[in-house]
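Chains as they are written, first to last, in the working numbering: chain A, 5 to 162; chain B, 941 to 1369; chain C, 941 to 1369.
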Ligand SMILES: [Ca+2]
Ligand SMILES: [Ca+2]
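Take a look at the structure:
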């Protein structure tokens, strides 16, 4: 398992980018206009500040999880350190991508972020899925990913 | 694995009541630890029809020689042309729709195919819980035990086993992880992977968990033959898994299952190549496993378990398909049946064709048995018939790989065409 | 900056600069109101190859009789057996890979097929912006204008039009909603829906928006014939849209496109049945439209617009496929190419077969032209060839309906087989 600390260290350059961005102005401008401070809050609207997130917001509003999980519940690690590191790294990456306009369309979740999400599935559904996760092992590394069957739970954009 | 594994410190959802040894065969003992799985496992006695699958109970009066009180529908009666296609082979005597795992041992023991031919012990590999028997017969050496099993006559081997496929055949009792217990599958996969440039493949070492969710089924739901006088159970995969790759293997090897009673052709019988056909389909490409559809997760109380009532997904569309596919149940059934009815119709066309060729050869032999074209026409029949049988005996009626099943039928008709023109020489008489 | 502009964009997606009339044909005028769509529309001049699609520019020196400075690859040179299959027909003279919409008018005007046969005005229906011309020629009556168009020789009709398919052909200029402007499609759909028990179907009144996203393409990307001396453009859908339903229609109707130069068979040419084939596939069942894959939504600033650079989705996998499919681009390409290469290989088998039959018939005629089997063998060739051509001329190489395309090829081989055995009588000589 990737420890939150290791994930955090991986995000350090990104934090630097945000800090640098803020001071240089470009990233800071985006962060400001896009109401970047709200990135750190738990309100789904904070994500939808960027219109490119709008589709996911409206799909989430129709999803089975609208009443039980916000964007952050799924997309941000829930240990304190990992949480802010991820937010900052995502925030920096998204701000930069948004400003430069260079990103895949439709959006594609990164492998790292998918792991974040799936840890969150298990965080909430730990007891229920304990049985199915009991046969995971190092020999057969690809675990039964949740998303390969439940891709639609957060938002079904299709 | 790092995603979901062991987040909760001691991930041990089961309350172990009994200790299980590596060779504990009786599923009832496992059932003490895993009652939900065991209960579902027992339900494989249920018989329910779907349009092209499932099974239907035909009541019968038990006799001394066959104590079964139900059998499933005869496929020979449903499609009598099968008797012609298999003329001269035990299958023309008795061939039934397959049913749940609970029946595998009795159905094998009492099929009339046992009466028309002396079967080897090899048969037992896929119809019983053989793991403990192999370990015992091999004195701890699985492969050696496998060889002993193959070498005896069927009814002797029969005495070595008690249960249909059981927990021990699929699971490591310590961890409950899946494991491969069948040497024929290990050897088949090693040959197949070698053809792709992968050396010394060992599924128990090299497969992912997701692959294992199909491999455990691929130990039995596959095409096979008995190799050599030792009757070694062999999966013909050294050239690949597709129908024509397997045919190439048999063409090189020269193996034949029997001589066709009508045409004299040295023919082959294809049998339940679910694993091979599935591997040509979109679902396999997308890493969807047999267990995903045939043993879907089911919520039981506060647990999500794999449904050990292995059966047709058409009896469980909601769980088997609808987590991934958002269409309605009726729509999913309609998609499957559209695919299946196309396959069904074309298989009938290919069968009429190959039977025509069979009769043509017989007529040619009657007219002049020294005609050199006869040998080549017989070879064409052998190929056409094997390809058709590959689709016909594959139990999803094309669903596991819709385009591929149709491709194999097209190839079958093409071989028949070739055989018929060979036999007749040039046109215009 | 980008961010502030994006936020503004969302407020007023279209800024109308000019007023558009019902018959404004020049896309540049529409482009004043919809510059994004217009710019993309202009890019259909791009020529990029994919494994089985797209197009490749072959430079040529313009001449007085043909001013084009590029053409696309000749499919006759790529597969010379097509010349034999179409022997005696204009297609054997010139047939090229199709390319972007920008070329449709010139490619039609300057194909060598125009030189070997006098073509009717009917041709123009699918190669130009004809809506305004039809309204004008029919004095406001679209159907009447359509009839006038069909009745003239091609080169006269050619003078009535200026642009390739344009905005006005697909859009209502007031609302920008999609509309059907082609009487042949209206009539074809009416006949097709009637066969399903739906009376008096009118796509402009009865179709859903999602259906319209395929119907606008179905006005041209379809099999057709010229009916009667009026050369009315007709879609042969009264028995259904599948290849064999269409063949049934032609068998009843007796229509032939030409007499085969080698065998004398009354044969048919199938042409670009994308709409029909697509309708047999899983994507159509799942209500995925042509526009979803060939004109996928594209983000431009804060807006999502339909990509009017209509082209192969293999040049745009991220947008065309990944909204719905989470697999990687490489994996999606591999899935498509697996399907296509199977179709490609089997189409070659079916073509060898039907050409053998063609030659057999010719040999039989040479030997004894009064042989009664000849007529039936010619009919078998007609059917086999049409079915093969249906797949061969369908431009997705099987992708639009993988299992169905293979089924049609299997049927083609079956007809060839029948023709060859007919011709030879019984076996054993
Ligand atoms: Ca069955
Ligand atoms: Ca093209």
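Glycine included, each C-beta is placed from N, C-alpha and C at the ideal position.
- Taking a Cβ-Cβ cut-off of 9 Å, the neighbours of residue 132 of chain A in chain B comprise 1239, 1242, 1243, 1244, given in sequence order.
- Using a Cβ-Cβ distance cut-off of 8 Å, the stretch 1127-1146 of chain C and the stretch 1191-1202 of chain C are not in contact, since fewer than three pairs of beta carbons, one from each stretch, lie closer than that value.
- In chain order, the residues positioned with their C-beta nearer than 6 Å to some heavy atom of ligand 2 are C:993, C:994, C:995, C:1037, C:1038, C:1039.
- Residues are counted here when their Cβ sits less than 8 Å from a Cβ of chain A; for the stretch 1101-1132 of chain B these are 1115, 1116, 1117, 1118, given in chain order.
- In terms of side-chain proximity, the C-beta atom of residue 1256 of chain B is found no nearer than 7 Å to any non-hydrogen atom of ligand 1.
- Proximity of residue 1342 of chain B to chain C, defined by a Cβ-Cβ separation below 8 Å, is satisfied.
- Distance between residue 1073 of chain B and residue 1169 of chain B, taken at the CA atoms: about 22 Å.
- At a cut-off of 8 Å between C-beta atoms, residue 1256 of chain C does not count as an interface residue with respect to chain A.
- Going by beta carbons, residue 1254 of chain B and residue 990 of chain B fall inside the 8 Å limit.
- A distance below 6 Å between beta-carbons, with the five flanking residues on each side excluded, links residue 1188 of chain C to the following residues of its chain, in chain order: 1179.
- Per DSSP, reduced to three states, the secondary structure at residue 998 of chain C is strand.
- Nearest in C-alpha terms to residue 1032 of chain B, of all of B:1064, B:1014, B:1048, B:1312, is B:1014.
- Here the C-alpha atom of residue 1161 of chain B lies approximately 11 Å from the C-alpha atom of residue 1175 of chain B.
- Only 1259, 1262, 1263, 1264, 1266 from the stretch 1259-1293 of chain C bring a Cβ to less than 8 Å from some Cβ of chain A.
- In this structure, residue 1333 of chain C lies near residue 1212 of chain C, with their beta-carbon atoms less than 8 Å apart.
- If one requires a minimum length of 3 residues, the beta strand (DSSP E) runs lying completely within the stretch 1103-1174 of chain C are 1165-1167, 1172-1174, in chain order.
- Note that the C-beta distance between residue 1030 of chain B and residue 1056 of chain B is below 8 Å.
- Exclusion of the five residues before and after residue 1082 of chain B leaves 1074, 1075, 1123 as the residues of its chain whose Cβ lies within less than 7 Å of its Cβ.
- Taking a contact to require three or more Cβ pairs closer than 8 Å, the stretch 1348-1357 of chain B and the stretch 959-973 of chain C do not qualify as touching.
- Cβ proximity to chain B below 8 Å picks out 1222, 1225, 1226 from the stretch 1205-1228 of chain C.
- Straight-line spacing of the CA atoms in residue 1312 of chain B and residue 1325 of chain B works out to 21 Å.
- With its beta carbon less than 8 Å from one in chain B, residue 153 of chain A belongs to the interface.
- Rounded to the nearest whole angstrom, the C-alpha separation of residue 1006 of chain C and residue 1043 of chain C is 13 Å.
- Put simply, the backbone Cα of residue 1129 of chain C is about 13 Å away from that of residue 1157 of chain C.
- When only Cα atoms are considered, residue 1087 of chain C and residue 1079 of chain C end up about 12 Å apart.
- Listed along chain C is no residue with a C-beta nearer than 8 Å to that of residue 982 of chain B; the closest approach is about 36 Å.
- Under the DSSP assignment, residue 1243 of chain C falls in the beta strand (DSSP E) whose first and last residues are 1243-1246.
- Along the stretch 1148-1174 of chain B, the positions whose C-beta sits under 7 Å from a C-beta of chain A are 1148, 1149, 1150, 1152, read in chain order.
- In this structure, DSSP gives residue 1026 of chain B a state outside helix and strand, which the three-state scheme calls coil.
- Annotation for residue 1283 of chain C: 1337, 1338, 1345 place their beta carbon closer than 6 Å to its own, counting only its chain and skipping 5 residues before and after.
- For residue 117 of chain A, there are no C-beta contacts with chain C under 9 Å, since the nearest C-beta of that chain is about 13 Å from it.
- The DSSP assignment places 1214-1218, 1222-1225, 1230-1234 as complete runs of the alpha helix (DSSP H) inside the stretch 1207-1251 of chain C, in order along the chain (cut-off: 4 residues).
- Taking the C-beta atoms as reference points, residue 1229 of chain C is found no nearer than 8 Å to residue 1177 of chain C.
- Residue 1327 of chain C is positioned such that its CB atom lies closer than 8 Å to that of residue 1183 of chain C.
- Between residue 1264 of chain B and residue 153 of chain A the beta-carbon gap is near 6 Å, inside 8 Å, which marks them as a contact.
- A distance below 8 Å separates the beta carbons of residue 1196 of chain C and residue 1206 of chain C.
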